[in-house]
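The sequence shown runs contiguously to residue 359 in full-length UniProt numbering. All C-beta atoms, glycine included, are put in the ideal place defined by N, C-alpha and C. Note that the coordinates shown come from a computational prediction; the quantities given were computed from them, not determined experimentally. Below is one structure, written out as structure tokens; comments come after it.
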Amino acid sequence: MRGQLDGSHLPGLLRGIARSAQSGELLIEDGQERGWSLLFAEGRLLAASAIDSLEALHDYASSLAVEVERCVGSPPVLQLIERGGLAPDRAEAPLRAMAAEVLFELLGSDGGTFCFDPAVRLPPVGWGWDLETLLIEADERLSAWRPLRALLMSLDVCPRIVEAQKLQQSVSAPVWQQLSQWLNGEYSLRRLGRFLGRDAVAVGEAIAPYLAEGWIELTGGAAAPPVRSGCIGCIDSSLAVQKYISSLLAERGYSVQAIAHPFEAFERFAGEPPALILLAAELPWLSGYELCPLLRQKPDLRTVPIVLLTAEAGALPDARARIAGASAVLAKPFSGRELNEQIEKFLPAVFDPLVEVAA
1 MRGQLDGSHL
11 PGLLRGIARS
21 AQSGELLIED
31 GQERGWSLLF
41 AEGRLLAASA
51 IDSLEALHDY
61 ASSLAVEVER
71 CVGSPPVLQL
81 IERGGLAPDR
91 AEAPLRAMAA
101 EVLFELLGSD
111 GGTFCFDPAV
121 RLPPVGWGWD
131 LETLLIEADE
141 RLSAWRPLRA
151 LLMSLDVCPR
161 IVEAQKLQQS
171 VSAPVWQQLS
181 QWLNGEYSLR
191 RLGRFLGRDA
201 VAVGEAIAPY
211 LAEGWIELTG
221 GAAAPPVRSG
231 CIGCIDSSLA
241 VQKYISSLLA
251 ERGYSVQAIA
261 HPFEAFERFA
271 GEPPALILLA
281 AELPWLSGYE
291 LCPLLRQKPD
301 LRTVPIVLLT
311 AEAGALPDAR
321 ARIAGASAVL
331 AKPFSGRELN
341 EQIEKFLPAV
351 FDPLVEVAA
């Protein structure tokens with residue numbers, strides 16, 4: 001099931017999945033290159049997360065002393081539970097808070113494209129949240145946020161104290177201790193809510209009077225990474241995989257050409273070949289093993305490194321990939337570290353030393 005809808009129809013889509021007791025993964029992408037993944041089991045919500053960033057999962061997991069590494073191939077929340085990184089009895093509360101964040105973003109969006117995949121394997125997690133309750137909570141948060149939007153602009157702004165003495169004299173000692181620790185311009189309202197165990201909108205409401213007084217100012221957050229020369233092509237029919245890879249490489253300063261249909265690659269790469277190509281072995285109409293030699297026939301692509309992304313590991317897929325003309329093979333699911341290592345092999349001159357994603 002896939003299609004396009006505006007923001008006013010999103011609640012109806014979600015309620016339809018819940019009322020029909022469906023199981024699977026719902027992927028939603030808006031027109032601003034944001035995407036979300038929602039996992040359902042018999043109509044109840046198991047988890048929800050952004051598919052273009054693991055910041056929220058990392059923040060909530062850090063409160064449980066769990067290290068998160070970006071993994072591609074299936075929903076990262078499920079990978080973390082399956083690998084034993086998040087014990088189900090400890091994961092429910094932070095994952096529910098993360099799901100509440102996602103629904104808040106969705107209800108405030110203008111809609112976009114969606115795809116529901118009932119084939120996603122869901123592990124037994126021991127919980128399932130009533131969607132209607134979460135939607136009511138998200139709507140209440142939106143109502144509280146609307147009068148604050150003109151002042152705060154976004155939950156991604158980072159508050160910083162500029163009149164420390166005046167602020168300290170106006171609040172209690174415990175409150176000042178918390179404010180002075182966190183309001184340093186490094187953390188967004190969204191992240192402050194996670195670290196303090198409060199709703200981000202409530203954090204915004206709490207600091208709004210001091211912002212109006214001029215004792216606190218808002219900054220735009222961390223600077224963007226430097227833009228690197230060259231582009232990396234990603235040919236994969238999975239929207240989730242495209243978003244994971246694009247987000248990871250954007251953090252390293254790379255632009256990504258995401259391509260879903262194999263035949264589209266010839267037009268997109270014509271005259272301006274990418275620095276490297278990530279090519280999925282499983283594609284509609286034409287497999288990666290079949291597409292790779294066709295790409296090699298193009299003069300501009302003969303020397304471009306091609307990393308084949310396979311669903312299986314071993315000598316046989318490696319041999320098939322080499323025969324097809326691939327430069328290397330990477331088996332799904334793979335981590336951000338493994339992807340970085342592959343790219344560093346072929347683009348060492350412009351790739352920085354490896355930085356752990358979870359750091």
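When the five nearest sequence neighbours on each side are left out, the beta carbons in the same chain lying within less than 7 Å of the beta carbon of Q22 are those of F40, G43, P118, in order along the chain.
P159 has L218 as its beta-bridge partners, per DSSP. Residue burial annotation: I51 is buried, with at least 16 other C-beta atoms found within 10 angstroms of its C-beta. Here A281 has S287, G288, Y289, L308, L309, T310, A311 as same chain residues with Cβ atoms under 7 Å from its own Cβ, once five neighbours each way along the sequence are excluded. Under the three-state reduction of DSSP output, Q4 falls in the strand class. Sequence-distant Cβ neighbours of F263 in its own chain, meaning closer than 8 Å and more than five residues away, are W285, L286. Going by beta carbons, L278 and C234 fall inside the 8 Å limit.
Judged by beta-carbon spacing, L103 lies within the 8 Å limit of A138, meaning their Cβ atoms are closer than that value. Nearest Cα to G197 within the set M153, V329, I136, M98: M98. Annotated as proximal: T113 and E29, with beta-carbon spacing under 8 Å.
Taken through DSSP and simplified to helix, strand or coil, Q165 comes out as helix. Separation of R141 and R190 (C-alpha to C-alpha, rounded to the nearest whole angstrom) is 13 Å.
The C-alpha of E163 is placed about 10 Å away from the C-alpha of E213.
Within the model, the alpha-carbon separation for W215 versus A206 is close to 13 Å.
In the three-state reduction of the DSSP assignment, R252 falls in the coil class, being assigned neither a helical nor a strand state. For G288, the enclosing alpha helix (DSSP H) begins and ends at 288 to 296.
Remark: C-beta atoms of L131 and L45 approach each other more closely than 8 Å. Under a 10 Å Cβ-count criterion, N340 is classified as buried, with 16 or more other Cβ atoms of the shown protein chains found around its own Cβ.
Within the DSSP secondary-structure output, L26 pairs in a beta bridge with L38, F116. Distance from the CA atom of R322 to the CA atom of L347, rounded to whole angstroms, is 19 Å.
Here the C-alpha atom of L27 lies approximately 47 Å from the C-alpha atom of K166.
About 31 Å separates the beta carbon of V157 from that of E25, a gap too long to meet the 8 Å contact definition. In the three-state scheme derived from DSSP, where H, G and I count as helix and E and B as strand, R322 is classed as helix.
Across the structure, G204 and L295 are spaced so that their CA atoms are roughly 51 Å apart.
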